[in-house]
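Q: Below: one structure in structure tokens.
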Amino acid sequence: MEANKDEALQCLKKAREAFKAGDMNKARRFANKSKKMFATEEADELIQKITDHCTNSEDKPQPNASRPNPQPDTTETPTNDEEPKYTEDQKEAVNKILKCKDYYDILGVSRDCTDSELKKQYKKLALQFHPDKNNAPKADEAFKKISKAYHVLSDPDKKSNYDRFGEEGPNHRINHGFHFTDDFEFDLFRQMFGGDPFNTRNVFFYGGNLFDMRRQHHHHHHRPHRSHHYFQTDATEQRGSSFFLLLFAFPLLVFVMSFIFSSSPPYSLQQAGSYSVRKETTKHKLIYYVQKSFNTDYPKNHQKRQIEKMVLQDYIDHYRDQCSQDMFWRKGKKEVPKSCTRFEELSGRKIRYR
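Residue numbers 18 to 371, in the working numbering, belong to the letters of the sequence shown in order.
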């Protein structure tokens, strides 16, 4: 999507920097992320270059004392004099997490644990398995599983759905199929610890109004106090937000409850599986997909046909979250991220940038 091109180029730049620094895992992660956001030949070439580099590194014999290193960038292959980059305990801990299938087992909590216990256990494991701290093989996969487990169990609706149906149950519909980024686990880490992983950079968002409605509703119990932010809404908007929230949320709540226990949602934001019939909202021309049986399952006067408000809210939530990420990478640049502009257009709310 053209709107993601700038962000994709930023990721590609970070991938190249990581490649030059010899950090192949980071380089591959950002290169793949760039390609998924906006495919380019440069991203494909860099991914191939990373793959070739890793393959050559594995095939190279270890340098010995009688033969000097011909290349200055052989730090990828440790010598016999170097300390191990990870311990056996770290490796075993990673393997244990990867073998776990149940989210409760992954986090090591009981099904009746409190919110504070869940949050405390996530923070403990996130610090233990963060790829910048744990260099054991597949530590990044373990870190992602931990983040995914917490993401589901910390949300009352997703937790209830998981308890009833498991990970891939009939009502498994997180964000209607929207997958925001491959690095959501790092975004969650920043949110929980108030900044960039193992860095001093911080990003904060004002969250006391409709701008952060969904996150406030589901996660208010674990959001840290935030004293600084890149932007905030006007005070006059804040005073009227509570009343506006009630008016806006009530019909949506009734609508959601009408199909939350059905076998499948009436629409998806992605063309996948049985959701193959493309539709657009009347006002903003937002794309969504329904099943071929939509007209039969939901006659013209059926309340589930009134889904355009839900589609709009999903897009608003998506661009709000994307704006949050883009503002983090903005780093003082003057141009406003396209995701933030799109959020303003769809939500009708203005953002005051700082």
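Even for Gly, the Cβ is constructed at its ideal location relative to N, Cα and C.
So what's residue 288 in DSSP terms, helix, strand or just coil?
A: Against the sequence shown, residue 288 aligns to sequence position 271. If DSSP states are grouped into helix, strand and coil, residue 288 belongs with coil.
Q: Check for me: the alpha helix (DSSP H) holding residue 138 runs from which residue to which?
A: On the sequence shown, residue 138 is found 121 positions in, with the first residue counted as 1. Residues 132-146.
Q: Residues bridged to residue 306 by DSSP?
A: If you number the sequence shown from 1, residue 306 lands on position 289. 285, 295, per the DSSP bridge assignment.
Q: In whole angstroms, what is the alpha-carbon distance linking residue 298 and residue 330?
A: Working through the sequence shown from its first residue, we reach residue 298 at position 281. Working through the sequence shown from its first residue, we reach residue 330 at position 313. C-alpha separation (whole angstroms): 12 angstroms.
Q: Cβ of residue 155 within 8 angstroms of Cβ of residue 124?
A: Position 138 of the sequence shown holds residue 155. Position 107 of the sequence shown holds residue 124. Their beta carbons are not under 8 angstroms apart, which means residue 155 does not touch residue 124 by this criterion.
Q: By alpha-carbon positions, which one of 286, 153, 134 ends up nearest to residue 113?
A: Indexing the sequence shown from 1 puts residue 113 at position 96. For residue 113, the nearest C-alpha among the options comes from 153.
Q: Determine the direct distance from the alpha carbon of residue 23 to that of residue 369, and round the result to whole angstroms.
A: Sequence index remark: in the sequence shown, residue 369 carries index 352 (1-based). Sequence index remark: in the sequence shown, residue 23 carries index 6 (1-based). When rounded, the distance between both Cα atoms is 22 angstroms.
Q: Whole angstroms are fine: how far does the CA of residue 37 sit from the CA of residue 301?
A: As a working mapping, residue 301 is identified with position 284 in the sequence shown. As a working mapping, residue 37 is identified with position 20 in the sequence shown. In a straight line, the C-alpha of residue 301 is about 44 angstroms away from that of residue 37.
Q: Could you tell me the alpha carbon to alpha carbon distance between residue 177 and residue 168, rounded to whole angstroms?
A: Position 160 of the sequence shown, counting from 1, holds the residue named residue 177. Position 151 of the sequence shown, counting from 1, holds the residue named residue 168. So the two alpha carbons sit approximately 13 angstroms from each other.
Q: Quick check: what's the CA-CA separation for residue 295 versus residue 333?
A: Locating residue 295 in the sequence shown gives position 278, counting from the first residue. Locating residue 333 in the sequence shown gives position 316, counting from the first residue. Cα to Cα, residue 295 sits roughly 19 angstroms from residue 333.
Q: Identify whether residue 337 lies in helix, strand or coil by the three-state DSSP scheme.
A: Here residue 337 refers to the residue found at position 320 when the sequence shown is read from its first residue. Three-state result, residue 337: helix.
Q: For the alpha helix (DSSP H) that contains residue 176, what are its first and last residues?
A: Against the sequence shown, residue 176 aligns to sequence position 159. Start and end: 173-182.
Q: Taking the CB atoms as reference points, tell me whether residue 44 and residue 32 lie closer together than 8 angstroms.
A: Counting from 1 along the sequence shown, the entry for residue 44 is found at position 27. Counting from 1 along the sequence shown, the entry for residue 32 is found at position 15. Yes, these two residues count as a Cβ contact at 8 angstroms.
Q: Mapping DSSP to helix, strand and coil, what is residue 45?
A: Residue 45 sits at position 28 when you count from the first residue of the sequence shown. It is helical.
Q: Could you tell me if residue 67 is buried or exposed, where buried requires 16 or more neighbouring beta carbons within 10 angstroms of its beta carbon?
A: As a position in the sequence shown, residue 67 is number 50, starting the count at 1. Buried, because 16 or more other Cβ atoms sit within 10 Å of the Cβ of residue 67.
Q: Under a three-way DSSP split, which group does residue 359 fall into?
A: Within the sequence shown, the letter at position 342 stands for residue 359. It is helical.
Q: If you run the structure through DSSP and keep just helix, strand and coil, what is residue 234?
A: Translated into the one-based positions of the sequence shown, residue 234 becomes position 217. Model confidence at residue 234 stands at a pLDDT of 38, short of 50, so the residue's coordinates are unreliable and nothing is read from them.
Q: Would you give the residue range spanned by the alpha helix (DSSP H) that residue 312 belongs to?
A: The sequence position of residue 312 within the sequence shown is 295, counting from 1. Residues 311-314.
Q: Within 10 angstroms of its Cβ, does residue 171 collect 16 or more other Cβ (buried), or is it exposed?
A: Here residue 171 refers to the residue found at position 154 when the sequence shown is read from its first residue. By the 10 Å Cβ count, residue 171 comes out buried.
Q: Check whether the Cβ of residue 153 sits closer than 7 angstroms to any heavy atom of the ligand GTP, and report yes or no.
A: The ligand GTP is absent from the structure shown, which contains no ligand whatsoever.
Q: Between the C-alpha atoms of residue 339 and residue 325, what's the straight-line distance to the nearest angstrom?
A: Numbered from 1 along the sequence shown, position 322 holds the residue referred to as residue 339. Numbered from 1 along the sequence shown, position 308 holds the residue referred to as residue 325. In a straight line, the C-alpha of residue 339 is about 21 angstroms away from that of residue 325.
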